[in-house]
Amino acid sequence: MAEGDPAVFTATALPADPRLLPTVTNAYLGTRVFRDILHVSGVYNGAAGDTHRADVPSPLSVRMAVPRMDNAAETFTLDTRTGTFSHTIQSPGYVATQQLYAHHSLVHLMAFSITIRRLGRSTQPITVQLHTPFVPQSQDLDLIPGPDFQGARYIYGQTLVPEVEGGPRPTVHMLWTPIPPSLMLGGEERERSWEFLMAVAESEEEVKRSYSEGLSLLAVGSLHHSHIRAWAALCRGCSVELDGPLPLQQALHGCLYYLLSAIPPRDSPGFLFHGISPGGLSNGTWGEDYWGHIFWDQDTWMFPNILLFYPKAARAILEYRIRLLEGAVCNAQEQGYRGAKFPWESAATGREVCPEEIYGIQEIHITGDVLMAFEQYYCTTQDQKLFQEDGGWELVEAVAKYWCSRMEWSEEEQLYHIKGVMPPDEYHSQVDNSAYTNAVARRSLNFAVEIARDLQLPVPEEWEDCARKLKVPFDAERKYHPEYDGYSPGEPVKQADVILLGFPLMHPMSAEVRRNDLEMYEPVTDPAGPAMTWSMFAVGWLELKEVQRAQSQLHKCFSNITEPFKVWVENSDGSGAVNFLTGMGGFLQAILFGYMGLRITRPSLTFSPAFPHDITKMKVSGVSYLGNKLDFTITMEQTEMEVTETSKDLPASPLEVELESGQRFPLREGMAAAAPGFAPQNKEFGGKPL
1 MAEGDPAVFT ATALPADPRL LPTVTNAYLG TRVFRDILHV SGVYNGAAGD
51 THRADVPSPL SVRMAVPRMD NAAETFTLDT RTGTFSHTIQ SPGYVATQQL
101 YAHHSLVHLM AFSITIRRLG RSTQPITVQL HTPFVPQSQD LDLIPGPDFQ
151 GARYIYGQTL VPEVEGGPRP TVHMLWTPIP PSLMLGGEER ERSWEFLMAV
201 AESEEEVKRS YSEGLSLLAV GSLHHSHIRA WAALCRGCSV ELDGPLPLQQ
251 ALHGCLYYLL SAIPPRDSPG FLFHGISPGG LSNGTWGEDY WGHIFWDQDT
301 WMFPNILLFY PKAARAILEY RIRLLEGAVC NAQEQGYRGA KFPWESAATG
351 REVCPEEIYG IQEIHITGDV LMAFEQYYCT TQDQKLFQED GGWELVEAVA
401 KYWCSRMEWS EEEQLYHIKG VMPPDEYHSQ VDNSAYTNAV ARRSLNFAVE
451 IARDLQLPVP EEWEDCARKL KVPFDAERKY HPEYDGYSPG EPVKQADVIL
501 LGFPLMHPMS AEVRRNDLEM YEPVTDPAGP AMTWSMFAVG WLELKEVQRA
551 QSQLHKCFSN ITEPFKVWVE NSDGSGAVNF LTGMGGFLQA ILFGYMGLRI
601 TRPSLTFSPA FPHDITKMKV SGVSYLGNKL DFTITMEQTE MEVTETSKDL
651 PASPLEVELE SGQRFPLREG MAAAAPGFAP QNKEFGGKPL
């Protein structure tokens with residue numbers, strides 16, 4: 001590994017496990033470097049539990065080789081500042097460099113270039129061989145060759161099997177520059193570059209338009225530059241920088257690169273976003289990374305980070321859920337309930353596509369997780385249009401109806417119960433009154449009541465009654481939350497569950513109860529469990545200003561980060577999903593909602609920083625709140641806040657800062673404000689609309 005720029009990952013050899021190769025992805029196309037397949041957003045093949053991301057053959061799976069490779073030095077570099085992967089071969093007398101990228105703003109395009117540069121005075125021709133496993137065939141698409149277009153090869157075809165009977169079978173169209181077996185730098189040439197372009201779309205018109213646009217940019221030498229500019233603009237808008245240990249800085253840059261690669265570009269009107277799966281678009285073929293399905297991983301673990309910096313991208317995630325509401329209504333009806341039950345695993349229709357029935361039937365907290373993302377978005381943006389005009393209210397109402405119909409009244413306890421569920425801790429099933437499930441259901445109902453009043457809509461009495469009288473298990477003697485009715489302290493737990501009541505649910509509890517929950521579940525949580533778990537323990541301990549205990553939990557994440565390209569694995573033994581965006585989302589939340597202590601609430605955005613002594617400064621740029629962009633710079637001595645811009649898309653509310661002491665002062669665009677730094681007993685600040 002190079003010890004220079006923490007945002008550039010360089011190695012002299014690739015990982016032995018090809019799953020750990022870096023990904024090049026945008027919101028529409030994704031692949032791993034040197035892999036012979038790519039995936040297209042929203043394009044699945046197979047019925048119900050068999051549905052998976054359709055494998056599309058990748059003409060980008062090209063690897064350079066030169067004669068006498070034993071005399072050559074190879075380097076492989078992922079530059080997260082430019083969103084580009086490079087492979088360089090340096091031989092005596094010349095350097096050959098391949099650069100590969102998925103264009104961030106022109107999402108139908110991926111491209112690579114190869115440049116050969118002569119180093120000495122020799123005039124011998126230099127040949128670089130191009131090796132590729134590419135064959136224009138797919139196990140998931142009925143591909144047909146079409147006529148060449150502007151020098152490009154052309155194939156197109158439909159997926160073979162729809163997700164539901166009679167459902168859509170998307171068509172994929174692909175154009176690509178033919179790949180020769182070798183490239184030659186002539187004896188009189190000092191340097192030359194060759195460009196290879198690929199366009200993919202779901203219509204012939206769009207694929208030809210995109211390919212032509214790419215060719216036009218190549219003709220003036222600006223295709224890669226336009227990608228770098230779009231990527232740099234994205235990264236400028238959401239920067240998290242720490243003066244601290246190099247591994248922590250590298251982990252941050254890696255997480256931001258992989259997660260931001262998955263979101264829609266900033267100016268993409270009409271672009272239909274199809275959600276983010278645990279392993280992203282680069283993964284999800286049959287039998288891999290949960291088949292590319294969308295889980296709570298998107299709404300609970302990735303979404304809060306995206307919302308904080310890019311509310312428009314967060315809105316696109318919510319629009320995906322709105323578009324699939326009809327499928328969620330069918331799921332509820334099939335199980336005998338009203339309203340909408342979101343699938344544990346979602347693909348193209350919103351119907352349940354989990355291959356194992358038990359999760360689809362019992363892990364119902366997903367429905368509350370989806371609505372919590374809507375609530376966080378509303379608190380951050382006050383975007384009523386999403387609810388009034390764009391289908392958000394219909395989703396809120398359907399979720400509230402589902403929870404009310406899913407409850408049973410207990411005459412004995414005089415409370416509502418939710419029975420027969422699997423909590424986030426998947427080691428237990430068919431339990432009654434999962435603390436997390438019931439708490440997220442209550443939060444759903446409370447939000448439904450609040451948004452109805454904001455929109456001046458009638459509020460069914462049933463919603464308030466069910467929210468008020470829903471049981472959330474609590475042991476008054478031990479002062480902690482049992483995971484479910486009948487849970488015995490000491491029983492092993494798979495992953496973060498009850499501790500999520502404190503964050504992100506912010507379920508009302510004292511600091512003593514919050515501590516007891518952490519103490520109770522930390523020692524019994526499976527050390528081999530999924531990566532995002534430790535981030536939430538860290539957030540809990542940071543909330544209590546127990547920085548060292550938080551660090552011991554956060555450090556566990558590093559066993560899930562692989563070298564040299566910082567690709568996360570779901571479990572520390574390497575099993576489960578790879579390019580595990582869920583773990584990365586949890587890690588980023590530990591920084592933003594842990595170290596920085598951010599909380600999104602209905603009346604304000606509060607923050608209460610706490611971080612270890614080996615971090616001397618933290619700067620977070622581009623936090624979005626009520627149409628304003630905010631930068632925060634935090635040290636032990638002081639905290640600085642500045643409004644850097646106001647939104648052109650949403651009405652921006654003027655802000656004021658309120659210190660814990662009650663002192664208030666306004667914060668407007670171009671204004672900076674400073675407040676005392678943080679000590680163990682920390683100040684808390686809130687940004688509120690004036």
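Oh and the sequence shown: position 586 is 586 in the working numbering, straight run, nothing missing.
Glycine included, C-beta positions come from ideal geometry on N, C-alpha and C.
| Check | Outcome |
| --- | --- |
| Going along the chain, which residues of its own chain have a beta-carbon closer than 6 Å to the beta-carbon of residue 368, five neighbours each way excluded? | 440, 441 and 444 |
| Starting from the C-beta of residue 292, find all residues in its chain whose C-beta is less than 8 Å away, skip the five residues before and the five after it, and write them out in chain order. | 39, 44, 52, 53, 277, 279, 281, 283, 284, 285 and 347 |
| Quick check: the segment 80-87 against the segment 222-240, are at least 3 beta-carbon pairs closer than 8 Å? | yes |
| Going by beta-carbon coordinates alone, are residue 111 and residue 34 separated by less than 8 Å? | no |
| Just the Cα atoms here: how many angstroms apart are residue 416 and residue 406? | 10 Å |
| Report the rounded CA-to-CA distance for residue 421 versus residue 360, giving the unit in angstroms. | 10 Å |
| Just the C-alpha distance for residue 229 and residue 335, rounded to the nearest angstrom, thanks. | 49 Å |
| Suppose you measure from the CA of residue 85 to the CA of residue 59; what does that come to, to the nearest Å? | 16 Å |
| Looking only at DSSP bridge pairs, what is residue 539 linked to? | Residue 539 pairs with nothing; no bridge assigned. |
| Since residue 257 is in the alpha helix (DSSP H), which residue starts that stretch and which ends it? | 246-260 |
| Using 8 Å as the threshold, is the C-beta distance between residue 496 and residue 290 below it? | no |
| Within 8 Å, do at least three Cβ pairs link the segment 552-568 to the segment 12-26? | yes |
| Taking the beta strand (DSSP E) that residue 285 falls in, what are its first and last residues? | Per DSSP, residue 285 belongs to no beta strand (DSSP E) and is neither H nor E. |
| Leaving out the 5 sequence neighbours to the left and right, which residues in its chain are closer than 7 Å to residue 161 when beta-carbon positions are compared? | 45, 46 and 47 |
| Decide if residue 533 is buried, meaning its Cβ has at least 16 other Cβ atoms within 10 Å, or exposed. | buried |
| Can you check the segment 191-240 for any beta strand (DSSP E) of at least 3 residues that lies completely inside it and give the ranges in chain order? | 191-201 |
| Run through the segment 363-414 for me and flag every whole beta strand (DSSP E) of 3 or more residues, listed as ranges in chain order. | 408-410 |
| Just to check my reading of the structure: residue 320 and residue 584 have Cβ atoms closer than 8 Å, yes? What is that Cβ distance to the nearest angstrom? | Not really, about 20 Å apart at Cβ, beyond 8 Å. |
| Output needed for residue 553: all residues of its chain with C-beta closer than 6 Å, excluding positions within five of it in sequence on either side, in chain order. | 534, 537 and 538 |
| Would you mind reading off the limits of the alpha helix (DSSP H) that contains residue 634? | First-last for residue 634: 628-635, but that is the beta strand (DSSP E), not the alpha helix (DSSP H). |
| Quick one: is residue 225 buried, meaning 16 or more other Cβ sit within 10 Å of its Cβ, or exposed? | exposed |
| If you check the beta carbons only, do residue 146 and residue 155 fall under 8 Å apart? | yes |
| In whole angstroms, what is the alpha-carbon distance linking residue 594 and residue 37? | 38 Å |
| How about the segment 451-462 and the segment 386-401: do they share at least three Cβ pairs that are nearer than 8 Å? | yes |
| Name the two residues that bound the continuous beta strand (DSSP E) containing residue 462. | Here residue 462 belongs to no beta strand (DSSP E); instead the alpha helix (DSSP H) covers 461-469. |
| Kindly give me the distance between the Cβ atoms of residue 93 and residue 122, rounded to whole angstroms, as I take these residues to be in contact under 8 Å. | 5 Å |
| Within 10 Å of its beta-carbon, does residue 159 have 16 or more other beta-carbons around it, so buried, or fewer, so exposed? | buried |
| Can at least three beta-carbon pairs, one atom from the segment 469-487 and one from the segment 501-521, be found at a separation below 8 Å? | yes |
| Along the chain, which unbroken stretches of the alpha helix (DSSP H) at least 4 residues long are found entirely within the segment 468-531? | 511-521 |
| Under 8 Å, with one C-beta from each stretch per pair, do the segment 188-195 and the segment 111-120 reach the 3-pair mark? | yes |
| Based on the DSSP secondary-structure assignment, which residues constitute the bridge partners of residue 57? | 37 |
| Label residue 246 either buried or exposed according to how many other C-beta atoms from any shown protein chain fall within 10 Å of its C-beta, with 16 as the threshold for buried. | exposed |
| Kindly indicate which residue of 592, 612, 631 and 563 has the alpha-carbon position closest to the one of residue 77. | 563 |
| Helix, strand or coil: how does DSSP classify residue 293 here? | coil |
| So, using beta-carbon positions, are residue 98 and residue 73 closer together than 8 Å? | no |
| Assign residue 453 to buried or exposed, taking buried as 16 or more other Cβ atoms, counted over all protein chains shown, within 10 Å of its Cβ. | exposed |
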